[in-house]
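Quick mapping for you: the protein sequence lines, in order, are chains A and B. The first sequence stops at residue 115 when you use my numbering, and every number in between is there. The second sequence stops at residue 230 when you use my numbering, and every number in between is there. Structure first, then comments.
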Amino acid sequence: AQSVAQPEDQVNVAEGNPLTVKCTYSVSGNPYLFWYVQYPNRGLQFLLKYITGDNLVKGSYGFEAEFNKSQTSFHLKKPSALVSDSALYFCAVRGRAGGGNKLTFGTGTQLKVEL
Amino acid sequence: GAGVSQSPRYKVAKRGQDVALRCDPISGHVSLFWYQQALGQGPEFLTYFQNEAQLDKSGLPSDRFFAERPEGSVSTLKIQRTQQEDSAVYLCASSFLLGPQETQYFGPGTRLLVL
Chain A
1 AQSVAQPEDQ VNVAEGNPLT VKCTYSVSGN PYLFWYVQYP NRGLQFLLKY
51 ITGDNLVKGS YGFEAEFNKS QTSFHLKKPS ALVSDSALYF CAVRGRAGGG
101 NKLTFGTGTQ LKVEL
Chain B
116 GAGVSQSPRY KVAKRGQDVA LRCDPISGHV SLFWYQQALG QGPEFLTYFQ
166 NEAQLDKSGL PSDRFFAERP EGSVSTLKIQ RTQQEDSAVY LCASSFLLGP
216 QETQYFGPGT RLLVL
């Protein structure tokens, strides 16, 4: 079975400071990893994904994520947070072997960026 | 281009009523997925289609839930004899191809409230 853990329900950061949203995963074999963002009353918007290759993945809106196989982590980062980044962030995983094509999501992390 | 659309956006049903939720995927996308998102939780997989074929329905919570995609485009999720525990946001996603590396693009969701 595959699973995702997002250990922080909420992350608070000041505008202009770097932000990190944590994600760890469990899956058989090598993973495909995704980050999505959800604004109120809207669906999930794709930010970035890790398939293979470079462990640092760059995505939309200045976000990036680092794949760490030994720590089974895929933390989302941004060098300088904006108030408009405030939203709910979901990490998701798919296994290369088994698990089908479905995404398994974490419970989400609410990011609040304050002036 | 147009994204994934879902209708209705909001649905209030009395317990025991049947409901039908519609999803229009991105044009040309082969794969279509349904997820259920309970309040404060991440989305959970329900079922997926490749064209008109339903390849995995392991996430459907009971036989009251039924999904179809008869012409390989629009999909309908039907819930019979709704119960209060069915209250959730139902998300539809589509991807161009079927494969674990493919990005799923989500619609805005249908918020179902069963009274």
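Virtual Cβ for every residue (Gly too), placed ideally from N, Cα, C.
Exposure label - D122 of chain A; buried when at least 16 CB within 10 Å
Since the first residue of chain A shown is 1 and the last is 115, residue 122 of chain A is not available in this structure.
Straight-line Cα distance separating C138 of chain B from S61 of chain B
Past the edges of chain B, shown from 116 to 230, lies residue 61 of chain B, and the structure says nothing about it.
Closer than 8 Å by beta-carbon distance: list the chain A residues that pair up with T191 of chain B, in chain order.
Working through the second sequence from its first residue, we reach residue 191 of chain B at position 76. By Cβ distance, chain A contributes nothing, its closest Cβ being about 18 Å from T191 of chain B, past 8 Å.
Of the choices A:G43, A:E8, A:P79, whose alpha-carbon is the least far from that of E15 of chain A?
Position 15 of the first sequence holds residue 15 of chain A. For the residues A:G43, A:E8, A:P79, the minimum Cα distance to E15 of chain A belongs to A:P79.
Over what stretch of residues does the beta strand (DSSP E) that includes G152 of chain B continue unbroken?
On the second sequence, position 37 is the one that residue 152 of chain B refers to. Sequence check: residue 152 of chain B is Gln here, not Gly. 146-152 is the extent of the beta strand (DSSP E) around Q152 of chain B.
Answer yes or no: the CB of V127 of chain B versus the heavy atoms of the ligand ADP, is any distance below 7 Å?
As presented, the structure is devoid of all ligands, the ligand ADP included, so that no description of it is given.
Note down the Cα distance separating T72 of chain A from Q199 of chain B, rounded to an integer number of angstroms.
Taking the first sequence and counting its residues from 1, one reaches residue 72 of chain A at position 72. Taking the second sequence and counting its residues from 1, one reaches residue 199 of chain B at position 84. Approximately 37 Å, taken between the alpha carbons.
Y61 of chain A to Q132 of chain B span [Cα, whole Å]:
The residue you call residue 61 of chain A lines up with position 61 of the first sequence. The residue you call residue 132 of chain B lines up with position 17 of the second sequence. Each residue's alpha carbon lies about 43 Å from the other.
Against chain A, does L154 of chain B count as a neighbour if the rule is that its beta carbon must be under 8 Å from one of theirs?
Numbered from 1 along the second sequence, position 39 holds the residue referred to as residue 154 of chain B. No, no contact with chain A.
CB contact below 8 Å: T218 of chain B versus chain A:
Indexing the second sequence from 1 puts residue 218 of chain B at position 103. It does: the Cβ of T218 of chain B has a partner Cβ on chain A nearer than 8 Å.
Of the residues B:F160, B:I194, B:L227, B:G222, which one's Cα is nearest the Cα of G106 of chain A?
Counting from 1 along the first sequence, the entry for residue 106 of chain A is found at position 106. Ranking B:F160, B:I194, B:L227, B:G222 by Cα distance to G106 of chain A puts B:F160 first.
Of the residues B:V229, B:R184, B:D178, B:S177, which one's Cα is nearest the Cα of L170 of chain B?
Your numbering for residue 170 of chain B matches position 55 in the second sequence. Considering only alpha carbons, the answer is B:R184.
Cβ pair count under 8 Å reaching 3, the stretch 117-130 of chain B against the stretch 189-205 of chain B
yes
Using DSSP with H/G/I as helix, E/B as strand and the rest coil, what is D139 of chain B?
For the purposes of this step, residue 139 of chain B is identified with residue 24 of the second sequence, where counting begins at 1. Correct three-state label for D139 of chain B: strand.
Would P140 of chain B count as contacting chain A if we go by Cβ distances under 8 Å?
The residue given as residue 140 of chain B occupies position 25 in the second sequence. Not one chain A Cβ lies under 8 Å of P140 of chain B.
In terms of alpha-carbon separation, which member of A:Q110, A:V37, A:Y50 lies closest to V93 of chain A?
Within the first sequence, the letter at position 93 stands for residue 93 of chain A. For V93 of chain A, the nearest C-alpha among the options comes from A:Y50.
Kindly say whether P185 of chain B, judged by its beta-carbon, lies nearer than 8 Å to any beta-carbon of chain A.
In the second sequence, the residue the question calls residue 185 of chain B occupies position 70. Taking Cβ atoms only, chain A never reaches closer than 8 Å to P185 of chain B, which makes this a no.
Looking at the secondary structure, which residues open and close the beta strand (DSSP E) in which V113 of chain A lies?
Here residue 113 of chain A refers to the residue found at position 113 of the first sequence. That run of the beta strand (DSSP E) goes 109-114.
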